[in-house]
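Report on one structure; see the data block that follows.
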Amino acid sequence: MLVFVGIIMLVTATVSTNNEKIKNYFGYKVYEAFPKTARHMEVLRLMIIRPEYDFWSSAKFKKPVFVMVAPQSQREFMTYMEGYHIPHRLIIKDVSQSIDGGSGINYCKENVNNKEDKIIFDHYPRWNEVNKYMDLLARSYPELVSIEEVGRTHENRTLRMLRISTARHGRRHRKAILIDGGIHAREWVAPAMVLYVVNQIVEHRSSNGEMLEGVDWFALPVVNPDGYEFTHSYVGLGRQTRALSNFMLDNIPFIKMYLTFHSFGQSFLYPWGHTKELPDDWEELDELARKAAEAIIKTGGPKFEVGSSSNVLSFGAGGADDFAKGRANIKYAYTVEMPGGGPNGFDLPATSLCLQLHSLYQGLRVMVKALREE
Ligand SMILES: [Zn+2]
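Note that the sequence shown covers residues -16 to -1, 1 to 358 in mature numbering (1 follows the signal peptide of the UniProt record, and there is no 0).
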C-alpha cells in the first residue's frame, strides 16, 4: 500500500514545487483525521511533509489532528483517507467563505501551536487554570483588567468577576456587558467561551479594539465552580445565582447586555422562559440575535436558531436571562446554547473547540457593534 502512496506523491510533486505561500484560502477545506493504527500514522507522516497539507500539529497515535487541504489536493487527500480507512471528517467546507477570510484558522493555529497567548484553547480548562488565567491577566494588564469578588459558594470557593475596562480607575463607561458560563456544571464549553471572549479583547486587543470602545465588560467564567470541579455531585445553586443576581441589581444603570452561555443546542434565546408571552421589545432582541446568527454562518459556523426560550425550547426553560431582563432591567438578555458533540453530547471534541469559539465570537462582535451604535 505504501508503494501506492509513493506513486501519488511523484505525480503531484510538480504541484508542490509551484505552491507558493498561501495568500487566500479559496477552496481550502479543513479536515479532522484520526489515526487509529500504525499504518495510519505512517501515511500521515508521509503527508505531513507536503505543503498542500497544512497539519496544525504533529500527528499523534489515537489523537485527532486538523489538516487544511489545498483545492488541488482534495481528491488525493480523500484517496489516502478512504484507501487506508483513516477515520476523518470535514470541519470547514470552504475556508475563504469565512467572514474573516480565514483569520479564525490563522488564529486557532497560532493559539494551539505557540505559547504567546496565556491560555490555549485545545482543551477544556479546569477551575484552577481558569483562576490562574484570571490572575495572570490582572497582573499583566493592570490598566485594563481587575478582579472583583462577588460572592462565595457552598464549598467556600470564591466567585470572581473579571472587569475589563479602558475607563480610568474607579470610573465606568455608560454601557457594560455581562457574560457568564458554567451555571450548569456539565456544560464545559460555556466557561471556555467566556475565556475566549476575554482572551480576544485583552490579549488580542489590537485586532479587537472596537470591542472595548466605550464599553465595559464583566465576565464570570464559572458561575458554579463547586459543580464544575465535581460534575457528578449534586450541588445546590442558591448562593451562586444569588451572587450573580445581586451583581446585576448593583449595576442596573450600566449593564445593557447579558449573555449566559450554555450547551448544548444552537440557539440565541431571549425572555421569557416562564411564559409564552414575549417582552414588549422582543423584536429588537430578535433582530440583534439574527444579525449574530448570520455572522456565524458566514464564518462557516453552524446555524443558530433565534427565539424566546419558552417558544424555542419548552415552557419553563430559561432562567438567568429572565431575571436579567425582568428584574435587573437589562435590555438585551440572552441564553446562548452552544453546539454539542463529544461522547456525551454535551461538549465538542476539544480539537474543534477553538474554531467553534471563534465562530460564535464573530456573532458577538456584531452584537456589540450594534449595541455600541445604539
Ligand atoms: Zn445549561
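Yeah, the Cβ is synthetic: ideal placement off N, Cα and C, and Gly gets one too.
Contact belief for residue i with residue j at Cβ below 8 angstroms, rounded distance in angstroms
i	j	result
A17	M62	Wrong, their Cβ atoms sit about 11 angstroms apart, outside the cutoff.
G88	S343	7 angstroms
V181	A203	7 angstroms
I148	D101	16 angstroms between Cβ atoms; not a contact.
V178	I163	5 angstroms
E321	L253	7 angstroms
L74	K20	Rounded, the Cβ-Cβ distance is 18 angstroms, inconsistent with contact.
DSSP-derived helix/strand/coil call for residue i
i	result
D270	helix
S292	strand
V207	coil
Y318	strand
I6	At I6, the pLDDT of 37 sits below 50, so the modelled position is not reliable and the matter cannot be decided from this model.
I83	The predicted model places I83 with a pLDDT of 45, which falls under 50 and marks its position as unreliable; any figure quoted below should be read in that light. If DSSP states are grouped into helix, strand and coil, I83 belongs with coil.
K287	coil
Y254	strand
T244	strand
F61	helix
F238	coil
D200	strand
E278	helix
L233	helix
Y218	With a pLDDT of 45 at Y218, under the threshold of 50, the modelled position of this residue cannot be trusted, and the question is left open.
E347	A small correction: the amino acid at residue 347 is Gly; Glu does not occupy that position in the sequence shown. In the structure shown, G347 sits in a helix (DSSP, three-state: H, G or I).
G11	coil
I33	coil
L228	helix
R356	helix
E194	helix
A312	coil
A43	coil
L341	helix
E127	coil
Bridge-paired residues (DSSP) for residue i
i	result
G88	Paired residues: none, contrary to the question.
D38	M52
D265	According to DSSP, D265 bridges with nothing at all.
E132	M145
I104	None; I104 has no bridge partner.
L120	L120 pairs with nothing; no bridge assigned.
A17	V49 and H72
Please list the segments of the alpha helix (DSSP H) lying wholly inside the stretch 136 to 186, counting only runs of 4 or more residues, in order along the chain. 173 to 182
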